[in-house]
DNA sequence: ATGTGACTCCAAGTCCGTA
DNA sequence: ATACGGACTTGGAGTCACA
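Chains as they are written, first to last, in the numbering used here: chain P, 166 to 234; chain H, 166 to 234.
What follows is the structure in structure tokens.
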């Protein structure tokens with residue numbers, strides 16, 4: 166499990182688009198800044214579990230979905 | 166998704182014992198402080214994904230196992 | 001609508017001790 | 001071996017201007 170930042174970023178992006186959301190909408194729903202949401206999708210951030218759970222909730226999914234390759 | 170800290174803590178503790186590890190061994194293998202490892206098991210901490218991945222690796226499991234109730 | 005660098009601030013994470 | 005608290009240092013949380 167080396168490149169998990171990129172994997173999670175891809176999953177967030179994929180699920181977000183599947184929900185028809187923009188980064189900005191996801192950010193608002195997750196209670197985070199839109200630039201921060203973008204940074205996660207690009208694999209540049211190392212978010213806390215608290216943030217990850219909020220994103221999973223905003224995407225109406227479970228956190229383990231964000232780990233799948 | 167309300168009480169995830171306690172759930173993750175229980176899972177870490179359960180899997181750690183199943184592997185026959187002490188908190189200290191888990192901490193060393195994960196590259197974190199032992200007091201911090203204990204805090205996670207007790208549901209007091211909000212670790213980063215980086216730390217969660219290292220713990221999952223030390224427990225020889227996948228991160229999604231840590232989310233299951 | 002999204003990518004990026006450079007921030008500030010406070011929680012993440014460490015290290016010491018006691019029990 | 002584990003729990004917990006205090007004092008610390010590091011890095012994530014959160015924001016902004018600009019492209």
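Ideal Cβ placement from N, Cα and C applies to all residues, glycine included.
Rounded C-alpha distance that separates residue 184 of chain H from residue 226 of chain P: 30 Å
State buried or exposed for residue 181 of chain P, treating a residue as buried only when at least 16 other CB atoms are found within 10 Å of its CB. buried
Near residue 194 of chain H, which residues of its chain fall below 6 Å by C-beta distance, leaving aside the five closest residues on each side in sequence? 223
Terminal residues of the alpha helix (DSSP H) in which residue 189 of chain H lies: 188–195
Beta-carbon within less than 6 Å of residue 208 of chain H's beta-carbon, same chain only, minus the 5 sequence neighbours each way: which residues are those? 170, 171 and 174
For residue 206 of chain P, count the other beta carbons within 10 Å of its own beta carbon; 16 or more makes it buried, fewer makes it exposed. Which is it? buried
Residue-level contact to chain P via CB, residue 214 of chain H, 7 Å cutoff: The C-beta of residue 214 of chain H comes closer than 7 Å to at least one C-beta of chain P.
What number of angstroms, rounded off, separates the C-alpha of residue 188 of chain H from the C-alpha of residue 187 of chain P? Whole-angstrom Cα-Cα distance: 42 Å.
Please list the partners that residue 229 of chain H has in chain P, where partner means a Cβ-to-Cβ separation under 7 Å. 229 and 232
Spell out whether any CB of chain H is found under 7 Å from the CB atom of residue 176 of chain P. no
Check whether the Cβ atoms of residue 215 of chain H and residue 211 of chain P lie closer than 7 Å to each other. A Cβ-Cβ contact shorter than 7 Å links residue 215 of chain H with residue 211 of chain P.
Just to make sure I have the definition right: I need the residues of chain P whose C-beta is within less than 8 Å of the C-beta of residue 217 of chain H. Which are they? In chain order: 214.
Can you list, in chain order, the residues of its chain whose CB lies under 6 Å from that of residue 199 of chain H, leaving out five sequence neighbours each side? 188, 189 and 192
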